[in-house]
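Below is one structure; the comments refer to it alone.
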Amino acid sequence: MAKADLSKQPDEVAAMFDGVAKHYDRTNSVLSMGNSLIWRVATVRAVAPQAGERILDIAAGTGTSSVALAKSGADVVAADFSPGMIEVGRQKHPGITFVQADAMELPFGNDEFDAVTISFGLRNIEDPKKALAEMYRVLKPGGRVVICEFSKPPRAIFRAGYSAYMRYIMPAVVDAASSNPEAYTYLADSIREWPDQVTLSQWIRGAGFTRVAYRNLTVGVVALHRGRKPARVVKPRAKRASAAGTTTKPIDAGTPKP
């Protein structure tokens, strides 16, 4: 498998995903050996969607995660920069609102969403830190962010096994299951180049989020990061001086003459 060009421009990455949109979900299930469902369930639980909330699902692809989030009664907006993914998503899930959007310049106002989530998409954004800043901007104060992304197994034995899978087994599976092997070559190389759990946590904090934490899924092949946008600090109003505590200077009306 030839090494992928990781310097692709956003429109090139979008075109690449357009090419795999039709069979994207099936291919991912095969490549993850069925673990994609486990990861999706864990992500939805971490988001903890509530009826009436407004949730933004970035890099939503065909909307598989968006549908799972919407089952709670939340109003879910599925955003993706690939027109092909959105087209397939709208056909499969007509009840979900799909929006074509650049994660680095989200077409939403400040403080719009109760939660923002992104699964396996932050890695494909040209400037991930800028995308994190945008997530922070569109979240309401007190809102939560959940990021599910490939990562690095902390134990050497699992790292070695995962590396072997990516190098030798995945190419064969891709050739058999995908109509666009180049897209999955890019996928494998982008995973290898992606930072570890601690580094991503630092990026999230750097965007302004607090209560940042992560947990590993599937021995660290995937990590689930969470954070909060701080609640807006309400400054206490100045107390009005009470009548009893206020000394009023008497008006000098002058001394009456006898």
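Heads up: the sequence shown at position 58 corresponds to 58 in our numbering, and the numbers run straight through without jumps. From the three backbone atoms N, C-alpha and C, an ideal C-beta is built for every residue, glycine too.
Just to confirm before moving on: does the CB-CB distance between G95 and T62 stay below 8 Å?
Contact: no.
On the three-state DSSP scale, how would you describe F158?
F158 falls in the helix class under three-state DSSP.
Does the structure place the stretch 32-39 close enough to the stretch 98-112 that three or more beta carbon pairs sit under 8 Å?
The stretch 98-112 vs the stretch 32-39: no contact.
Return the CA-CA distance between D11 and A188, expressed in angstroms with no decimal places.
Each residue's alpha carbon lies about 19 Å from the other.
With a threshold of 7 Å on Cβ separation, who are the neighbours of A213 within its own chain once the five nearest residues in sequence on each side are excluded?
These residues qualify, in order along the chain: R226.
So, is Y168 buried or exposed, given that buried needs 16 or more other C-beta atoms within 10 angstroms?
The residue in question, Y168, is exposed, as its Cβ has fewer than 16 Cβ neighbours within 10 Å.
Measure the Cβ-Cβ separation of A294 and L224 and say whether it is below 8 Å.
With the chain represented from 1 up to 258, any question about residue 294 goes unanswered, as that position is not in the structure.
Using a 10 Å radius around the Cβ and a threshold of 16 neighbouring Cβ atoms, would you call P49 buried or exposed?
It counts as buried.
State buried or exposed for S82, treating a residue as buried only when at least 16 other CB atoms are found within 10 Å of its CB.
Buried, because 16 or more other Cβ atoms sit within 10 Å of the Cβ of S82.
Please give me, in chain order, every unbroken run of the alpha helix (DSSP H) with length at least 4 that falls completely inside the stretch 63-92.
You should have 64-70 and 83-92.
Starting from T210, follow its DSSP beta bridges and name the residues at the other end.
DSSP output for T210 lists R228 as bridge partner(s).
Would you please verify whether the beta carbon of A48 is less than 8 Å from any beta carbon of chain D?
Absence of chain D from the displayed structure is noted, only one protein chain being present.
CB V47 to CB V146, shorter than 8 Å?
Taking 8 Å as the Cβ cut-off, V47 and V146 qualify as a contacting pair.
Helix, strand or coil for E126? Go by DSSP, reduced to three states.
Note: E126 maps to coil in three-state DSSP.
Would you check if there are 3 or more beta carbon pairs closer than 8 Å linking the stretch 200-208 to the stretch 129-143?
Because the criterion of three Cβ pairs below 8 Å is met, the stretch 200-208 and the stretch 129-143 touch.
Are the stretch 152-170 and the stretch 113-128 touching, with three or more C-beta to C-beta distances below 8 Å?
With the cut-off at 8 Å, the stretch 152-170 and the stretch 113-128 do not touch.
DSSP on A51, reduced to helix/strand/coil?
If DSSP states are grouped into helix, strand and coil, A51 belongs with coil.
For the putative contact between D114 and E53, defined by C-beta atoms under 8 Å, what is the C-beta separation to the nearest angstrom?
With a Cβ gap of about 4 Å, D114 and E53 count as contacting.
Quick check on M166: buried or exposed, where buried means 16 or more other Cβ atoms within 10 Å of its Cβ?
So M166 ends up on the buried side.
Tell me whether Q91 is buried or exposed, calling it buried when 16 or more other Cβ atoms sit within 10 Å of its Cβ.
Q91 comes out exposed.
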